[in-house]
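Report on the following structure.
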Ligand code: HEC
Ligand code: HEC
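In the numbering used here, the protein residues as written are 1 to 464.
Put into structure tokens, the structure is as follows:
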């Protein structure tokens, strides 16, 4: 049932452009007993009002009873530290989903704490390796597995160094950006010459709004794609498409929107070396350390659906301090710098909600007004962010607009402020200053704002 408060009714009359935000608005009572304002509700009825380190890792309010039991099972499996007895490896990148996505967020990366691949069985990133002609390396596959169980050898180790470059804003304020340089050492088999190698490093993504993303209204996305054409700002995004499970479809998850689902089967296989119904071969197949005998599938289809369910039933943190004067100033600056042309504030989910890996449906996710701050399109972000890796339709320089919901809580949840696909930005300001290509005009507009407005814009991001 939809109840409109008189206040919202008046707003509707006054402001037609607010209509989108208020249609489908359900009155939701916050823990403090007050009714939530529509712009606080990041994900309609799935909004949660927690701002602690568990803010990403809490069930949506409607997750109760049998659903909660499956959610809890998925949560356990997600955080379960696998070992060689339970199917991990022989080679892998992380030992559990939660090892890389701590508290359903972004585990601080070994890139910064260890200068590249972690030791002691732990690495918190994915390293994609590819030949310059676009082909994969036969002995290694798509992902560099830099960790192993006892007695096996890692495929290789990543090393990173950063060079610091200094710049200034038009008003004289200084800033600097750190540019990464990657190399791979200790190759398992054939050494790959750096001349024939592209390396793309990814830090984990936050699991904010996974169910909402899977439920996005595809017709609305097609409209957003058609509208994403602003020659005056050099912006024109497009949807990524990929063939998954034999179906050519819109890609939504991953840094290049290169996946149509939440990659649970791929996560188990490619990230953890665990065979399953979709990927029955060990990831080191073809290497001499590949187990000769077939030991059966290491994770069941039912368990994988529970992990899928867990992610899609997570609550999305509510926005905070929406009426604060500095926050409102920052929000204005966000629009003035045209951030919203890609980081689109409002979208809707399709009426049916979402369907999980084995066909279980989650109707609660349907028909919601959501505030992901993304258009889910891929954009050319310029040569500095080009990783030369083609994923679906996306070229090396094209990246999916990262949804910004929950971004202000990343430091609380994961204890760091590393941003962008490879974590090169050390704070929100640097993340903006790396925007190139279609994002260049927006970055320049940001640079030209007064210091007060720039700072307010950052404060606004911190309330998302
Ligand atoms: C070794 C670290 C690592 C492990 C282990 C890992 N992930 Fe990830 N995950 C990542 C990285 C890095 C990305 C970004 C990948 C990209 O864009 O190519 C990612 C992306 C994702 C995304 C896309 C999120 C979005 O917002 O689009 C989902 C969903 C996901 N992982 C789920 C899982 C699940 C489920 C597991 C366990 C089965 C898992 N991951 C295990 C590192 C990891
Ligand atoms: C042309 C589209 C576009 C515009 C305009 C744009 N962005 Fe982005 N933004 C992106 C894309 C694409 C990424 C992902 C880039 C990557 O990871 O390499 C991104 C990433 C970010 C991130 C990092 C998110 C994270 O969790 O790592 C922040 C913060 C951000 N943008 C803020 C802004 C702000 C603020 C503005 C306005 C000043 C803005 N963006 C303008 C497309 C855009």
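For each residue, glycine too, the CB sits at the ideal point set by N, CA and C. Values in this document were obtained by computation on a predicted structure and should not be read as measured data.
Cβ-based burial, residue 68 [other Cβ within 10 Å; buried from 16]: Locating residue 68 in the chain shown gives position 68, where the first residue counts as 1. Its Cβ having fewer than 16 others within 10 Å, residue 68 is exposed.
C-beta contact flag for residue 258 and residue 394 at 8 Å: Translated into the one-based positions of the chain shown, residue 258 becomes position 258. Translated into the one-based positions of the chain shown, residue 394 becomes position 394. In this structure, residue 394 lies closer than 8 Å to residue 258 by Cβ.
Per-residue DSSP class, three states only, for residue 208: The sequence position of residue 208 within the chain shown is 208, counting from 1. In the displayed model, residue 208 falls within coil according to three-state DSSP, outside both helix and strand.
Length at least 4, wholly inside the segment 246 to 321: the alpha helix (DSSP H) runs in chain order: Entirely contained in the segment 246 to 321, the alpha helix (DSSP H) runs reaching 4 residues are, in chain order, 301 to 312.
Sub-8 Å separation of residue 406 and residue 464 beta-carbons: Along the chain shown, one-based indexing puts residue 406 at 406. Along the chain shown, one-based indexing puts residue 464 at 464. Contact flag set, yes.
Any non-hydrogen atom of ligand 2 closer than 7 Å to residue 214 Cβ: Numbered from its first residue, the chain shown carries residue 214 at position 214. No heavy atom of ligand 2 is found nearer than 7 Å to the CB of residue 214.
8 Å Cβ cutoff met for residue 277 and residue 301: Locating residue 277 in the chain shown gives position 277, counting from the first residue. Locating residue 301 in the chain shown gives position 301, counting from the first residue. Less than 8 Å divides the Cβ of residue 277 from the Cβ of residue 301.
Where residue 453 falls: helix, strand or coil (DSSP): For the purposes of this step, residue 453 is identified with residue 453 of the chain shown, where counting begins at 1. In the structure shown, residue 453 sits in a helix (DSSP, three-state: H, G or I).
Three-state secondary structure assigned by DSSP to residue 202: Position 202 of the chain shown holds residue 202. Strand at residue 202.
Length-filtered (3 minimum) beta strand (DSSP E) runs lying within the segment 367 to 432: 378 to 380, 398 to 400, all fully within the segment 367 to 432.
Bounding residues of the beta strand (DSSP E) (the contiguous stretch that carries residue 225): Translated into positions along the chain shown, residue 225 becomes position 225. If you look at residue 225, you'll find it isn't in any beta strand (DSSP E); it sits in the alpha helix (DSSP H) that goes 218 to 227.
Distance between beta carbons of residue 216 and residue 349, contact taken as under 8 Å: Counted from its first residue, the chain shown places residue 349 at position 349. Counted from its first residue, the chain shown places residue 216 at position 216. Contact check for residue 349 and residue 216: beta-carbon distance about 6 Å, within the 8 Å limit, so the pair qualifies.
Pair within 8 Å by beta-carbon distance, residue 117 and residue 158: As a first step, residue 117 is located in the chain shown; it is residue number 117 there, counting from the start. As a first step, residue 158 is located in the chain shown; it is residue number 158 there, counting from the start. In contact: residue 117 and residue 158 (Cβ atoms closer than 8 Å).
Residue 106 (DSSP reduced to helix, strand or coil): The residue given as residue 106 occupies position 106 in the chain shown. Coil at residue 106, not helix or strand.
Three-state secondary structure (DSSP) of residue 45: In the chain shown, counting from the first residue as 1, residue 45 sits at position 45. It is helical.
Buried or exposed by the 16-neighbour rule on C-beta atoms within 10 Å, applied to residue 270: Sequence index remark: in the chain shown, residue 270 carries index 270 (1-based). Buried, since its Cβ has 16 or more Cβ neighbours within 10 Å.
Secondary structure of residue 240, DSSP reduced to three states: Position 240 of the chain shown, counted from the first residue, corresponds to residue 240. Correct three-state label for residue 240: strand.
Option in 84, 177, 383, 266 with minimal Cα separation from residue 95: Looking up residue 95 in the chain shown gives position 95. For residue 95, the closest of 84, 177, 383, 266 by C-alpha to C-alpha distance is 84.
Outcome for residue 240 when other beta-carbon atoms lying within 10 angstroms are tallied against a minimum of 16: Within the chain shown, residue 240 is the residue found at index 240, counting from 1. Counting every other CB atom within 10 Å of its CB across the protein chains shown gives residue 240 a total of 16 or more, marking it as buried.
Of the listed residues 149, 161, 133, 138, nearest to residue 113 (C-alpha basis): Your numbering for residue 113 matches position 113 in the chain shown. For residue 113, the nearest C-alpha among the options comes from 161.
Among 414, 261, 152, the one whose alpha carbon lies nearest that of residue 109: Position 109 of the chain shown holds residue 109. For residue 109, the closest alpha carbon among the candidates 414, 261, 152 is that of 414.
Contact set for residue 316: own chain, Cβ-Cβ below 8 Å, skip 5 residues either direction: Locating residue 316 in the chain shown gives position 316, where the first residue counts as 1. Result list for residue 316: 42, 43, 46, 47, 48, 60, 208, 209, 212, 370, 405, 406, in chain order.
Of the listed residues 441, 455, 442, nearest to residue 427 (C-alpha basis): Reading the chain shown from its first residue, position 427 is the one you call residue 427. Selection 441, 455, 442 evaluated against residue 427 yields 455 as nearest (Cα-Cα).
The segment 429 to 438 touching the segment 279 to 286, judged by at least three CB pairs closer than 8 Å: Of all C-beta pairs linking the segment 429 to 438 to the segment 279 to 286, fewer than three are shorter than 8 Å, placing the two stretches out of contact.
Reference residue 387, options 397, 378, 189, closest by Cα: Translated into the one-based positions of the chain shown, residue 387 becomes position 387. For the residues 397, 378, 189, the minimum Cα distance to residue 387 belongs to 397.
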